[in-house]
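*Asks:*
This is the structure we're talking about:
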């Protein structure tokens with residue numbers, strides 16, 4: 288027997304905006320400042336050693352009772368305010384994080400509820416590339432007609448997932464949240480996203496063991512904090528990501544000399560410096576170096592750095608910025624954006 | 872093209888000097904990268920990548936930890952060049 292479609296109905300497609308752009312950004316840095324001196328004893332190290340290897344002088348840690356959603360809410364409200372939109376205009380909430388401590392449910396619906404919203408809400412698990420993944424998804428949602436104004440928050444409470452006895456990572460991470468509103472535009476304000484994954488290297492940055500493995504031997508086992516193969520990640524981030532950044536420029540039709548800012552994920556100052564050497568960008572382009580006082584906040588690092596550069600007047604509103612995120616997965620994403 | 876041990880040592884010494892500022896004359900076969908030349912793990916990786924390009928060889932990430940002396944690196948590169 289064969290069946291045929293009725294053919295009596297036709298689907299009306301969604302109609303999106305001709306372009307998308309970032310309407311506003313916001314950032315939240317927890318109150319407690321943690322200097323290197325607080326961390327050196329457990330790893331038999333020194334402030335100088337940490338600064339040499341990472342460029343990190345201090346970082347912020349959230350309070351014990353301060354959650355990923357709490358931090359996300361602060362950053363989100365600031366981004367909404369800076370966008371000039373009414374809160375009710377937000378119709379999609381994306382949260383990029385790997386440190387929301389519930390496997391289920393996601394942080395995004397909880398954040399949406401905090402904001403009094405009942406819109407679509409989901410998390411993105413793309414580690415340090417999460418914000419750039421989110422901006423790419425948000426842009427396509429707006430252009431595809433599924434959303435008008437997307438809130439994307441990159442947020443991490445990495446202090447909960449740090450092994451303070453691990454010389455390779457104890458000093459690297461910080462806590463914080465950064466947010467952006469992606470909305471409609473008459474012309475492209477967000478370039479094509481160049482993104483990808485290299486999952487064969489999934490063990491380069493990972494939770495030390497799965498929850499199932501941890502459950503098998505709960506006694507005397509260390510909490511499965513994040514662990515990282517520093518050298519491997521360094522090689523990949525510098526020599527693997529510079530070509531990705533170039534491709535993002537090319538896809539957007541923007542020349543290096545057109546840029547007003549370069550905002551890479553704040554992984555490690557050595558990575559940023561080595562990547563700059565590979566990229567050969569004009570020397571006068573401002574480069575985000577928020578890592579000095581913020582350390583590596585994974586998904587939050589790019590929006591936090593962006594918010595800081597705008598607030599301090601280092602980069603102009605309306606200027607073009609190249610942003611690139613890369614991290615655990617391994618995953619990466621880059622795009623050129625017009626600064627709000 | 873295979874190079875002599877001396878040629879590899881000289882090339883490597885220049886790469887080390889460019890990355891770290893260590894005097895070319897100090898880069899000798901018996902020197903340890905970390906203990907004698909004070910080269911940290913990230914600088915070591917930069918040296919490895921630049922050496923790959925200069926000598927036309929592939930030095931896998933997992934091999935880098937075995938290259939503790941300059942001589943180890945020269946031998947690895949020589950063998951890799953065949």
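Residue numbers (our numbering), protein chains in the order written: chain A, 288 to 627; chain B, 872 to 953. Idealized CB from N, CA, C, for every residue including glycine.
Would a check of beta-carbon distances place residue 610 (chain A) closer than 8 Å to chain B?
*Replies:* For the purposes of this step, residue 610 (chain A) is taken as residue 323 along the first chain, with counting starting at 1. It does not; no Cβ of chain B falls within 8 Å.
*Asks:* Quick one: give me the first and last residue of the beta strand (DSSP E) that residue 379 (chain A) is part of.
*Replies:* By one-based count along the first chain, residue 379 (chain A) stands at place 92. From DSSP, the beta strand (DSSP E) with residue 379 (chain A) extends over 379 to 383.
*Asks:* Within 10 angstroms of its Cβ, does residue 290 (chain A) collect 16 or more other Cβ (buried), or is it exposed?
*Replies:* Start at 1 with the first residue of the first chain, and residue 290 (chain A) comes out as number 3. Residue 290 (chain A) should be labelled exposed.
*Asks:* How is the alpha helix (DSSP H) around residue 921 (chain B) delimited, first residue to last?
*Replies:* Position 50 of the second chain, counted from the start, is the residue given in the question as residue 921 (chain B). Segment 912 to 926, the alpha helix (DSSP H) holding residue 921 (chain B).
*Asks:* Between the segment 498 to 514 of chain A and the segment 523 to 539 of chain A, are three or more C-beta pairs nearer than 8 Å?
*Replies:* The answer is no - the segment 523 to 539 of chain A does not touch the segment 498 to 514 of chain A, with fewer than three Cβ pairs under 8 Å.
*Asks:* Could you give the uninterrupted runs of the alpha helix (DSSP H) lying entirely in the segment 451 to 533 of chain A, keeping only those of 4 residues or more?
*Replies:* For the segment 451 to 533 of chain A, whole alpha helix (DSSP H) runs of length 4 or above, ordered along the chain, are 498 to 503, 517 to 522.
*Asks:* Rounded to whole angstroms, what is the Cα-Cα separation between residue 592 (chain A) and residue 366 (chain A)?
*Replies:* For the purposes of this step, residue 592 (chain A) is taken as residue 305 along the first chain, with counting starting at 1. For the purposes of this step, residue 366 (chain A) is taken as residue 79 along the first chain, with counting starting at 1. Residue 592 (chain A) and residue 366 (chain A): Cα-Cα distance of roughly 14 Å.
*Asks:* Alpha carbon to alpha carbon, what distance is there between residue 491 (chain A) and residue 439 (chain A)?
*Replies:* Here residue 439 (chain A) is taken as the residue at index 152 of the first chain, counted from 1. Here residue 491 (chain A) is taken as the residue at index 204 of the first chain, counted from 1. Going by the C-alpha atoms only, they are around 27 Å apart.
*Asks:* On a Cα-Cα basis, can you pick out the residue from A:355, A:598, A:339, A:499 that is closest to residue 462 (chain A)?
*Replies:* As a first step, residue 462 (chain A) is located in the first chain; it is residue number 175 there, counting from the start. Answer by Cα proximity: A:355.
*Asks:* Which chain A residues sit within Cβ distance under 7 Å of residue 912 (chain B)?
*Replies:* Numbered from 1 along the second chain, position 41 holds the residue referred to as residue 912 (chain B). Here the neighbours are 517, 518.
*Asks:* So does the segment 380 to 387 of chain A actually touch the segment 401 to 420 of chain A, counting three or more Cβ pairs closer than 8 Å?
*Replies:* Taking 8 Å as the limit for Cβ pairs, the verdict is that the segment 401 to 420 of chain A does touch the segment 380 to 387 of chain A.
*Asks:* Take the Cβ of residue 523 (chain A) as the centre, count every other Cβ of all protein chains shown within 10 Å, and call the residue buried at 16 or more, exposed below.
*Replies:* What you label residue 523 (chain A) is simply residue 236 of the first chain in a count that begins at 1. Under this definition residue 523 (chain A) is a buried residue.
*Asks:* Reducing DSSP to helix, strand and coil, say where residue 367 (chain A) ends up.
*Replies:* Your numbering for residue 367 (chain A) matches position 80 in the first chain. Correct three-state label for residue 367 (chain A): helix.
*Asks:* Give the secondary structure of residue 947 (chain B) by DSSP, where H, G and I count as helix, E and B as strand, and everything else as coil.
*Replies:* On the second chain, residue 947 (chain B) is found 76 positions in, with the first residue counted as 1. Helix.
*Asks:* CB-CB under 8 Å to residue 894 (chain B), same chain, minus the five flanking residues each way: which ones, in chain order?
*Replies:* Numbered from its first residue, the second chain carries residue 894 (chain B) at position 23. 888.
*Asks:* Taking C-beta to C-beta, are residue 258 (chain A) and residue 359 (chain A) nearer than 8 Å?
*Replies:* Nothing about residue 258 (chain A) can be reported from this structure: the residues present for chain A run from 288 to 627 only.
*Asks:* Taking residue 615 (chain A) as the reference, give the member of A:486, A:433, A:453, A:307 with the closest Cα.
*Replies:* As a first step, residue 615 (chain A) is located in the first chain; it is residue number 328 there, counting from the start. Checked all of A:486, A:433, A:453, A:307; the closest Cα to residue 615 (chain A) is A:486.
*Asks:* DSSP on residue 326 (chain A), reduced to helix/strand/coil?
*Replies:* Position 39 of the first chain, counted from the first residue, corresponds to residue 326 (chain A). It is coil, neither helix nor strand.
*Asks:* Of the choices A:339, A:346, A:430, A:602, whose alpha-carbon is the least far from that of residue 585 (chain A)?
*Replies:* Position 298 of the first chain, counting from 1, holds the residue named residue 585 (chain A). Of A:339, A:346, A:430, A:602, the residue nearest in Cα terms is A:346.
*Asks:* Looking at the C-beta of residue 561 (chain A), does it have a partner C-beta in chain B at a distance below 8 Å?
*Replies:* Taking the first residue of the first chain as 1, we reach residue 561 (chain A) at position 274. Yes, residue 561 (chain A) counts as interfacial toward chain B.
*Asks:* Quick one: residues in its chain with C-beta nearer than 7 Å to the C-beta of residue 876 (chain B), no 5 flanking neighbours on either side, listed in chain order?
*Replies:* Mapped onto the second chain, residue 876 (chain B) falls at position 5. Excluding sequence neighbours, residue 876 (chain B) sits near 945, 949.
*Asks:* Start and end of the beta strand (DSSP E) containing residue 309 (chain A)?
*Replies:* On the first chain, residue 309 (chain A) is found 22 positions in, with the first residue counted as 1. Where residue 309 (chain A) is concerned, the enclosing beta strand (DSSP E) stretches over 306 to 315.
*Asks:* Can you tell me where the beta strand (DSSP E) holding residue 436 (chain A) begins and where it ends?
*Replies:* Counted from its first residue, the first chain places residue 436 (chain A) at position 149. Looking at the DSSP string, the run of the beta strand (DSSP E) that includes residue 436 (chain A) is 436 to 444.
*Asks:* If you draw a straight line from the alpha carbon of residue 563 (chain A) to that of residue 548 (chain A), how long is it in whole angstroms?
*Replies:* The count along the first chain starts at 1 and reaches residue 563 (chain A) at position 276. The count along the first chain starts at 1 and reaches residue 548 (chain A) at position 261. Their backbone Cα atoms lie some 12 Å apart in a straight line.
*Asks:* Pull up the CB-CB distance for residue 340 (chain A) and residue 576 (chain A), whole angstroms please, since I reckon it's below 8 Å.
*Replies:* In the first chain, counting from the first residue as 1, residue 340 (chain A) sits at position 53. In the first chain, counting from the first residue as 1, residue 576 (chain A) sits at position 289. Between residue 576 (chain A) and residue 340 (chain A) the Cβ distance is about 15 Å, and since that is not below 8 Å, they are no contact.
*Asks:* Using a Cβ cut-off of 9 Å, which residues of the segment 915 to 929 of chain B contact any Cβ in chain A, in chain order?
*Replies:* For the segment 915 to 929 of chain B, which is checked against every Cβ of chain A, the residues closer than 9 Å are 915, 916, 917, 919, 920.
*Asks:* So, is residue 937 (chain B) buried or exposed, given that buried needs 16 or more other C-beta atoms within 10 angstroms?
*Replies:* Here residue 937 (chain B) refers to the residue found at position 66 when the second chain is read from its first residue. Exposed, since its Cβ has fewer than 16 Cβ neighbours within 10 Å.
*Asks:* Between the beta-carbon of residue 469 (chain A) and the beta-carbon of residue 425 (chain A), is there less than 8 Å?
*Replies:* Locating residue 469 (chain A) in the first chain gives position 182, where the first residue counts as 1. Locating residue 425 (chain A) in the first chain gives position 138, where the first residue counts as 1. Their beta carbons are under 8 Å apart, which means residue 469 (chain A) touches residue 425 (chain A) by this criterion.
*Asks:* Does any residue of chain B have a CB that is nearer than 8 Å to the CB of residue 526 (chain A)?
*Replies:* Residue mapping note: residue 526 (chain A) aligns to position 239 of the first chain, counting from 1. It does; some Cβ of chain B falls within 8 Å.
*Asks:* Roughly how many angstroms separate the alpha carbons of residue 620 (chain A) and residue 427 (chain A), rounded to a whole number?
*Replies:* Residue numbering aside, residue 620 (chain A) sits at position 333 when the first chain is read from its first letter. Residue numbering aside, residue 427 (chain A) sits at position 140 when the first chain is read from its first letter. Straight-line Cα distance between these residues: approximately 14 Å.
*Asks:* Spatial neighbours of residue 334 (chain A) within its chain, please: C-beta separation below 7 Å, excluding the five flanking residues on both sides.
*Replies:* Locating residue 334 (chain A) in the first chain gives position 47, counting from the first residue. Closer than 7 Å at the Cβ level, and outside the excluded window around residue 334 (chain A), lie 323, 324, 327.
*Asks:* If contacts are defined as beta-carbon pairs under 8 Å, then residue 582 (chain A) and residue 464 (chain A) qualify, I think. What distance do you get, rounded to the angstrom?
*Replies:* In the first chain, the residue the question calls residue 582 (chain A) occupies position 295. In the first chain, the residue the question calls residue 464 (chain A) occupies position 177. Going by Cβ atoms, the distance from residue 582 (chain A) to residue 464 (chain A) rounds to 14 Å, so no, they are not a contact pair.
*Asks:* Using the C-alpha atoms, what's the distance from residue 920 (chain B) back to residue 951 (chain B)?
*Replies:* As a working mapping, residue 951 (chain B) is identified with position 80 in the second chain. As a working mapping, residue 920 (chain B) is identified with position 49 in the second chain. Each residue's alpha carbon lies about 14 Å from the other.
*Asks:* Which of the three DSSP states, helix, strand or coil, is assigned to residue 540 (chain A)?
*Replies:* On the first chain, residue 540 (chain A) is found 253 positions in, with the first residue counted as 1. In this structure, residue 540 (chain A) counts as coil in the three-state DSSP scheme.
*Asks:* Taking residue 618 (chain A) as part of the beta strand (DSSP E), name the residues at either end of that continuous run.
*Replies:* Within the first chain, the letter at position 331 stands for residue 618 (chain A). Where residue 618 (chain A) is concerned, the enclosing beta strand (DSSP E) stretches over 618 to 625.
*Asks:* Going by DSSP in three states, residue 343 (chain A) sits in which element: helix, strand or coil?
*Replies:* Taking the first chain and counting its residues from 1, the one referred to as residue 343 (chain A) is at position 56. Of the three classes helix, strand and coil, the one that applies to residue 343 (chain A) here is coil, per DSSP.
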